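Okay, so here's the structure we're looking at.
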Amino acid sequence: MQLRYPIDLTIEEYNEQKAWEHAELDHCPFHPEGGCDLARHGTYPRKFPEYCLVPRWYCPSAHKTISLLPDFLASRFPGTLDEIEQAVNTAGSCKSQEEAAFVLRPEISLPSGFAG
Numbered sequence: 021m022q023l024r025y026p027i028d029l030t031i032e033e034y035n036e037q038k039a040w041e042h043a044e045l046d047h048c049p050f051h052p053e054g055g056c057d058l059a060r061h062g063t064y065p066r067k068f069p070e071y072c073l074v075p076r077w078y079c080p081s082a083h084k085t086i087s088l089l090p091d092f093l094a095s096r097f098p099g100t101l102d103e104i105e106q107a108v109n110t111a112g113s114c115k116s117q118e119e120a121a122f123v124l125r126p127e128i129s130l131p132s133g134f135a136g
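In terms of our numbering, the sequence shown is residues 21 to 136.
Now the structure itself:
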């Protein structure tokens, strides 16, 4: 399970300050009343757009991990929220999906037999 880690830092500041070390999870989302022995469970890396560590906890009663995803990262997508928002805005301003694909990913081209 991923929960929001409300933090007002850029990815660079997050890494410089090692902010994952200061993250706290006040209670288990599966057992808000407590008693489940929620414990810190290390970190896992996010490698894109820049390497950073995401803190996580383990609930032994639910047999699940809980991660605190910093505000600048997108859940279930690589990259930052800003990058995704820019891509959505760019795609929305294009006249077609083909134009949006060309603008957003100019390094990718169609095979020569498919060019129009």
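Cβ atoms here follow ideal geometry from the backbone N, Cα and C, with glycine treated the same way.
If you're wondering where the values come from, they're calculated on a predicted model, not measured in any experiment.
Mind checking whether residue 72 and residue 25 have CB atoms under 8 Å apart? no
In angstroms, rounded to a whole number, what distance separates the CA positions of residue 53 and residue 47? 8 Å
Ignoring anything shorter than 4 residues or poking outside the stretch 28-89, list the alpha helix (DSSP H) runs there in chain order. 31-37
Residue 93 lies in the beta strand (DSSP E); which residues open and close that run? Element bounds for residue 93: n/a, residue is neither H nor E.
With C-beta atoms as the reference, is residue 124 less than 8 Å away from residue 107? yes
Counted within 10 angstroms of its Cβ, other Cβ atoms place residue 92 as buried (16 or more) or exposed: buried
Would you call the CB atoms of residue 96 and residue 85 closer than 8 Å? no
Taking the Cβ atom as the reference point for each residue, do residue 69 and residue 30 lie within a distance shorter than 8 Å? no
Among the residues of its own chain, which have a CB less than 8 Å from the CB of residue 65, if the five just before and after it don't count? 71, 72, 73 and 74
Verify whether the separation of the beta carbon atoms of residue 121 and residue 110 is less than 8 Å. no
Quick one: what's residue 23 bridged to in DSSP? 88
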